[in-house]
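The block underneath contains the structure these notes are about, expressed in structure tokens.
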Amino acid sequence: MRRGVGRMAAAAVAVLLAAGAVTGCGDEEPPVRVAAEVPTAAPVEEPAAEGPVDAPADAPSEEPPAVEAMGGRPSPAASASAKPRPKPSRTSTAPLSRPKPPTETRVPPPPKPPASGCKPSYRGTEASRSAVRKALSDAAARTYWPTSAPDIRIRSALLKATAWQESGWQSNIYACDTGVGLMQVMPATAEWMNQRFEQSYDIDDYRDNAYLGGTYLAWLTKYIGDMYFESDYRLDASLCTSKLNSCLLNAVISGYNFGHAAVAQKGKPLTIPNPQYVYNVRELMTSCECLAF
Numbered sequence: 009m010r011r012g013v014g015r016m017a018a019a020a021v022a023v024l025l026a027a028g029a030v031t032g033c034g035d036e037e038p039p040v041r042v043a044a045e046v047p048t049a050a051p052v053e054e055p056a057a058e059g060p061v062d063a064p065a066d067a068p069s070e071e072p073p074a075v076e077a078m079g080g081r082p083s084p085a086a087s088a089s090a091k092p093r094p095k096p097s098r099t100s101t102a103p104l105s106r107p108k109p110p111t112e113t114r115v116p117p118p119p120k121p122p123a124s125g126c127k128p129s130y131r132g133t134e135a136s137r138s139a140v141r142k143a144l145s146d147a148a149a150r151t152y153w154p155t156s157a158p159d160i161r162i163r164s165a166l167l168k169a170t171a172w173q174e175s176g177w178q179s180n181i182y183a184c185d186t187g188v189g190l191m192q193v194m195p196a197t198a199e200w201m202n203q204r205f206e207q208s209y210d211i212d213d214y215r216d217n218a219y220l221g222g223t224y225l226a227w228l229t230k231y232i233g234d235m236y237f238e239s240d241y242r243l244d245a246s247l248c249t250s251k252l253n254s255c256l257l258n259a260v261i262s263g264y265n266f267g268h269a270a271v272a273q274k275g276k277p278l279t280i281p282n283p284q285y286v287y288n289v290r291e292l293m294t295s296c297e298c299l300a301f
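So for the sequence shown, this note's numbering puts the first residue at 9; every next one is plus one.
Structural data, given as structure tokens:
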């Protein structure tokens, strides 16, 4: 579910910091739509915000990185029948140096490279911040893998921060690399997600877009978690060390921007190819103004 806006943001984020989803995503209860940002599900008590990560000292600019990188804001006017597998007891939370074979063999298409010298376009009416906030909160409250991995949870702070990094919570923004809406979901990725989970989410609908974003984050959690973390799906900042590839949270954030194949590869250690993007989202998870909306 690679997004153009995110990619462009990833490239521009370094400068910015230096200068200043669907009932279930998995097995039996498939997720809901994603296009611009909105979900639905039984509310869950929202976890406490994660602790900050060591990042560049400069404060981020007031404009969300992705929005600034895209040219600024517009002017006003799983295997359904799979059974849960017992988790092995772990003596370390660090990733395996040699990953296990992936349990998910159906994977999304690779992301497209960002277009240069192009500004995003805007279509339709932008959803209000309160509507976007509800959509993201609904997506975070879902149980994405009810059968094989019911403990996978996508925290509200992670969804909100990712959406802010990708689009500045603009539901009607279309990037040059085909990223769409709130979560900057790419059409090919949305089509793949709908087929994989037998859904029909509308990428242009902000509620469905939020579901798609949450669904993709949940898929990455299971894919990478099974390969490197022995099915320990905790997306906790407390498990991260100064090494970016030390925890599942950083790997999932990285994969959302660069794609799963850039992070998790057969026979190779866990890789974080876009550290600045990870630093940005991690920082936004605790300091984003969007958390107060």
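By construction, the Cβ of each residue, glycine as well, lies at the ideal position given by its N, Cα and C atoms.
Item: S179 - DSSP class collapsed to helix/strand/coil; Value: coil
Item: Where the alpha helix (DSSP H) through L292 begins and ends; Value: 283-295
Item: Contact between the segment 136-147 and the segment 218-234 (3+ Cβ pairs under 8 Å); Value: yes
Item: Inter-residue Cα distance where the pair is E45 and D213; Value: In this prediction, E45 scores a pLDDT of 38, lower than 50, which makes its location untrustworthy; the coordinate-derived value is nonetheless stated afterwards. Straight-line Cα distance between these residues: approximately 7 Å.
Item: S250 versus M194, P119, R290, S164, residue with shortest Cα-Cα distance; Value: R290
Item: Alpha carbon of A272 to alpha carbon of Y236, nearest angstrom; Value: 8 Å
Item: Reduced DSSP category for G32 - H, G, I as helix; E, B as strand; rest coil; Value: Any answer about G32 is weak, because its pLDDT of 41 lies below 50 and its placement is not dependable; what the coordinates show is given next. Correct three-state label for G32: coil.
Item: Proximity of L307 and I181 at Cβ, strictly below 8 Å; Value: Residue 307 cannot be examined here, being either before or after the span of the chain that is shown, 9 to 301.
Item: Residues that DSSP places opposite Y130 in a beta bridge; Value: I181
Item: Where the alpha helix (DSSP H) containing K142 begins and where it ends; Value: 137-148
Item: Spatial distance of T229 from T197 (CA atoms); Value: 16 Å
Item: Meets three-Cβ-pair contact criterion under 8 Å: the segment 237-257 and the segment 170-189; Value: no
Item: For V115, the three-state DSSP class (helix, strand or coil); Value: coil
Item: Burial state of Y285, where buried means 16 or more other Cβ atoms lie within 10 Å; Value: buried
Item: Cβ shell of L278 (< 7 Å), same chain only, five flanking positions each side left out; Value: P103, Y236, N253, A259, V271, A272
Item: Through-space distance from P117 to W200, alpha-carbon basis; Value: 8 Å
Item: Cut-off 7 Å between Cβ atoms - residues of its own chain near C296, not counting five sequence neighbours on either side; Value: K168, A169, W172
Item: Rounded separation between Y264 and M194 - CA only; Value: 11 Å
Item: One or two residues paired with V193 in a DSSP bridge; Value: V188
Item: Rounded separation between S246 and L256 - CA only; Value: 11 Å
Item: Helix, strand or coil at A171 according to DSSP, with G and I counted as helix; Value: helix
Item: Option in Q178, A123, I160 with minimal Cα separation from G132; Value: Q178
Item: Anticipated Cβ contact below 8 Å, G189 with S208, distance rounded; Value: Contact flag wrong, Cβ pair sits at about 16 Å.
Item: N- and C-terminal bounds of the alpha helix (DSSP H) containing L104; Value: Premise fails: L104 is in no alpha helix (DSSP H) and is neither H nor E.
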